[in-house]
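A.B. asks: Heads up, the sequence shown is in full-length UniProt numbering, so the first residue is 1 and it goes up one at a time. Quick reminder that beta carbons are idealized off the backbone N, C-alpha and C, glycines included. Quick one: this structure, given as structure tokens, is what I'll be asking you about.
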Amino acid sequence: MELRFGGEECRIRHIFQLPYEIVQHITSQLIQDDLINLTLACKLFYKMATRILYSKIYLNDSPIENSDVVLLASTWSWLKLLPKATNEEAKEVANYQLSCLLRSIQENPQLSNYIQEVRLNWDLDIETQKTFVSFITKYSKSLKIIENVTDPEFDFAIEENFHNSNLISLDLPPPSTLPSLDIDQNYLPNAQRYLIKRLNTNIKVMTLFMDPLLLFNNVVRPLKKLEIDSFKMHCRPDTYPPVIYNRQNLKFSKLSDIFDTKLLKTLTIISWYDHISPDRIYKFDQWSEFHNLEDITLIAVTYNDKKISTLLDNCYKLKRLKLDFSYPKRSMVRNSMVFKSIFNHRHHLQFLDIKLNLTTKIINMDIRDFGIVLKIACNCFLCQEIVHKKIFQDKILPKSEDYKIDSLETYEKIDFFSQLFESCLSPYSKAVDRYPSVKTGPDNIEEFLHRFNIQNIERSRFFKPLNVEDFYNLFHCLVHCMKVDLDPIVENFKNLNYLVINDISLLIKEDFITGIKYPIPIFYNKGYKTNYEVSKDNRYSNEVHNNGTIEPYERSLYLN
1 MELRFGGEEC RIRHIFQLPY EIVQHITSQL IQDDLINLTL ACKLFYKMAT RILYSKIYLN
61 DSPIENSDVV LLASTWSWLK LLPKATNEEA KEVANYQLSC LLRSIQENPQ LSNYIQEVRL
121 NWDLDIETQK TFVSFITKYS KSLKIIENVT DPEFDFAIEE NFHNSNLISL DLPPPSTLPS
181 LDIDQNYLPN AQRYLIKRLN TNIKVMTLFM DPLLLFNNVV RPLKKLEIDS FKMHCRPDTY
241 PPVIYNRQNL KFSKLSDIFD TKLLKTLTII SWYDHISPDR IYKFDQWSEF HNLEDITLIA
301 VTYNDKKIST LLDNCYKLKR LKLDFSYPKR SMVRNSMVFK SIFNHRHHLQ FLDIKLNLTT
361 KIINMDIRDF GIVLKIACNC FLCQEIVHKK IFQDKILPKS EDYKIDSLET YEKIDFFSQL
421 FESCLSPYSK AVDRYPSVKT GPDNIEEFLH RFNIQNIERS RFFKPLNVED FYNLFHCLVH
481 CMKVDLDPIV ENFKNLNYLV INDISLLIKE DFITGIKYPI PIFYNKGYKT NYEVSKDNRY
541 SNEVHNNGTI EPYERSLYLN
């Protein structure tokens with residue numbers, strides 16, 4: 001976009017011939033950096049870009065990972081942190097930027113009126129966040145959602161201000177940061193007062209850190225069924241006073257007595273238990289009565305093949321699914337009931353995040369010969385000529401004696417891919433298309449390779465250090481070798497746009513000529529060539545076409 005000032009013509013003037021709504025829609029698709037630059041263009045764009053920048057704020061304490069192939073979570077604005085900063089450095093900068101944000105809206109209260117949604121952070125300074133929340137609930141008429149409320153002190157900041165009635169969200173924070181056996185005696189009375197004041201028909205988004213049956217039977221009883229659209233339940237082993245466990249004169253015996261089964265669309269269950277938990281904790285059977293669920297997220301829950309498959313089978317409109325298990329196993333097998341239930345939703349699932357036992361592992365250990373066995377399941381040039389020959393045979397295992405291992409520790413040093421999965425290189429997101437992807441540690445490619453190279457130099461004097469290009473080639477080979485596991489999903493899930501397998505985020509593309517669908521990695525995509533036969537003229541086409549079927553998760557403007 002070129003601008004000329006002074007006496008010269010402004011090249012941007014033709015844009016203003018478009019209807020304002022169209023210009024606003026186009027502007028809302030821009031990323032944060034472009035919106036910031038746009039504020040310098042002219043007064044109209046300053047106002048428009050500023051309204052969008054402040055509309056949804058994500059308070060992060062770690063850097064956000066961007067993608068080269070798709071615009072991720074463009075609806076959010078977040079704190080700009082250096083990608084190579086340590087956790088403490090990033091947190092320090094984040095707290096400083098949060099204080100700058102607070103100062104900006106205090107000096108110009110009109111900015112706070114643009115804020116529609118805020119996601120708070122467990123690890124940033126509580127007092128600054130509390131002041132921030134207090135200010136925006138006082139001045140923002142547009143504020144709809146305050147998410148991830150983590151401290152009871154926020155309750156007072158929210159309820160004391162005038163515009164809290166505009167909120168459609170209600171988070172009841174936990175009594176303490178970590179599950180506790182000793183609950184503050186004021187927690188339940190304060191929670192009761194807060195719920196009585198805030199619980200009304202406007203509330204559509206709810207987060208609880210307590211069993212809803214215990215809460216709504218023994219703390220506060222709704223007069224009618226709650227018309228909740230999105231519900232998040234944190235399952236924690238907190239020990240409350242005996243009054244909370246009173247089972248006499250119960251009004252509600254099941255979740256469908258509390259929540260309107262027809263209206264609930266989004267369900268998130270997060271487990272804090274560090275051991276196998278009984279089904280009564282998660283209430284899968286009761287959630288199975290909510291047939292209109294479209295979005296289900298289960299995080300760190302105990303795997304129960306029958307119960308979870310029943311839940312999925314009873315949802316007739318499921319569009320989004322994220323499953324993350326902790327015990328007794330983290331990955332699913334293809335003959336499991338849960339996987340079969342997922343497959344039953346192949347006609348309408350648009351987002352899928354699961355963990356599978358992969359059919360092929362590239363680096364294997366032969367326990368009979370106590371040696372390394374390579375199984376590269378893709379026959380493309382990259383996998384065979386570059387990865388197999390130039391990386392494994394020339395660098396990692398250049399001599400026949402390198403294939404012999406004397407201990408499990410030696411095998412672990414060679415297993416590049418297991419180290420990759422255990423690293424912090426894959427960013428975390430509740431949903432990679434809707435929420436920013438946050439780095440979970442200070443790892444970057446160079447530091448990861450440095451660790452791998454050092455331990456393998458110690459292992460073998462013939463080892464040759466890997467470089468960044470080798471990293472990309474190995475990562476792309478990993479995606480290629482997952483083809484046998486990806487094929488059934490890519491071919492049969494016709495509306496699937498995003499697929500996350502074992503924390504590897506993939507975008508499903510479609511060749512506009514042949515109509516063939518194929519996955520490409522969202523992160524570490526540099527130089528990626530698919531091993532799917534997407535072109536009639538070229539077996540392994542390097543061209544990436546987008547048929548425009550991916551629906552962006554657009555900014556929803558509630559602005560007055």
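1. For Leu-18, name the three-state secondary structure that DSSP assigns.
2. What does the alpha-carbon distance come out to for the pair Tyr-20 and Met-48?
3. Could you pull the start and end residues of the alpha helix (DSSP H) that Ile-489 belongs to?
4. Grab me the residues of Ser-256's own chain with a C-beta within less than 8 Å of its C-beta, minus the 5 sequence neighbours each way, in chain order.
5. Taking buried to mean at least 16 other C-beta atoms within 10 Å of its own C-beta, is Leu-18 buried or exposed?
6. Taking DSSP as the reference, what is the three-state secondary structure of Ser-429?
7. What's the gap between the Cα of Asn-113 and the Cα of Ile-516?
8. Can you tell me whether DSSP reads Pro-552 as helix, strand or coil?
9. Whose C-alpha, out of Lys-204, Asp-238 and Phe-252, is nearest the C-alpha of Asp-229?
10. Quick one: give me the first and last residue of the alpha helix (DSSP H) that Asn-217 is part of.
11. Just verifying my parser: in three-state terms, what is the DSSP assignment at Glu-232?
12. With a threshold of 8 Å, are at least 3 pairs of Cβ atoms found where one atom belongs to the stretch 46-63 and the other to the stretch 115-130?
13. Got a sec, what are the start and stop residues for the beta strand (DSSP E) Arg-320 sits in?
14. Quick check: the Cα distance between Gly-371 and Val-468, rounded to an integer number of angstroms?
15. Quick check on the burial criterion: 16 or more other C-beta atoms within 10 angstroms. Buried or exposed for Gln-384?
16. List the endpoints of the continuous beta strand (DSSP E) containing Asp-295.
17. Thr-360 and Lys-375 - do their beta-carbons sit closer together than 7 Å?
18. Roughly how many angstroms lie between the CA atoms of residue 593 and Glu-153, to the nearest whole one?
19. Distance, Cα to Cα, Leu-214 vs Gln-185?
20. Do you know how far the Cα of Thr-86 is from the Cα of Leu-143?
21. Alpha carbons only, please: which of Leu-101, Ile-342 and Asp-324 is nearest the one belonging to Asp-313?
22. Rounded to the nearest angstrom, what separates Gln-106 and Val-438 at their Cα positions?
23. Give a yes or no on whether the C-beta atoms belonging to Ile-115 and Tyr-46 are separated by under 7 Å.
24. Ends of the beta strand (DSSP E) at Thr-266?
25. Below 8 Å on the Cβ atoms is my contact criterion, and I expect Val-333 with Ser-309 to pass it. Report the Cβ-Cβ distance as a whole number of Å.
26. Indicate the three-state DSSP secondary structure (helix, strand or coil) for Val-205 in the structure shown.
27. Can you tell me which residues form a DSSP beta bridge with Trp-78?
28. Since Leu-397 and Asn-495 should fall inside the 8 Å C-beta cutoff, what is the C-beta to C-beta distance between them, to a whole number of angstroms?
29. List the DSSP bridge partners of Pro-519.
30. Spell out a yes or no on whether the stretch 468-478 and the stretch 298-307 are touching, meaning 3 or more CB-CB pairs, one atom from each, closer than 8 Å.
31. Specify, as a first and last residue, the run of the beta strand (DSSP E) that Leu-312 falls within.
32. Looking at the unbroken beta strand (DSSP E) that takes in Glu-147, where does it start and where does it end?
33. With a floor of 4 residues, list each alpha helix (DSSP H) that falls wholly inside the stretch 335-402, ordered by position along the chain.
C.D. replies: By the coordinates alone:
1. Correct three-state label for Leu-18: coil.
2. 10 Å
3. Unbroken alpha helix (DSSP H) run through Ile-489: 483-492.
4. Gln-286, Glu-289 and Phe-290
5. Under this definition Leu-18 is an exposed residue.
6. If DSSP states are grouped into helix, strand and coil, Ser-429 belongs with coil.
7. Between Asn-113 and Ile-516, the alpha-carbon positions lie close to 46 Å from each other.
8. Since pLDDT at Pro-552 reaches only 35, below the 50 mark, its modelled position is unreliable, and the value read off the structure follows with that caveat. Note: Pro-552 maps to coil in three-state DSSP.
9. Lys-204
10. 212-218
11. The question names Glu, but residue 232 in the sequence shown is Lys. Strand at Lys-232.
12. yes
13. Where Arg-320 is concerned, the enclosing beta strand (DSSP E) stretches over 320-325.
14. 27 Å
15. exposed
16. 295-301
17. yes
18. With the chain covering 1 to 560 only, the question about residue 593 has no answer from this structure.
19. 17 Å
20. 33 Å
21. Ile-342
22. Going by C-alpha positions, Gln-106 is about 28 Å away from Val-438.
23. no
24. Thr-266 -> beta strand (DSSP E) spans 266-271.
25. Between Val-333 and Ser-309, the beta carbon gap of about 13 Å keeps them out of contact (Cβ cut-off 8 Å).
26. Strand at Val-205.
27. Tyr-58
28. Not confirmed; about 43 Å, so no contact.
29. BP columns for Pro-519 point to Ile-508.
30. Touching, no, given that fewer than three Cβ pairs across the two stretches are closer than 8 Å.
31. It is not in any beta strand (DSSP E) - Leu-312 instead sits in the alpha helix (DSSP H) that spans 305-313.
32. 145-147 is the extent of the beta strand (DSSP E) around Glu-147.
33. 337-344
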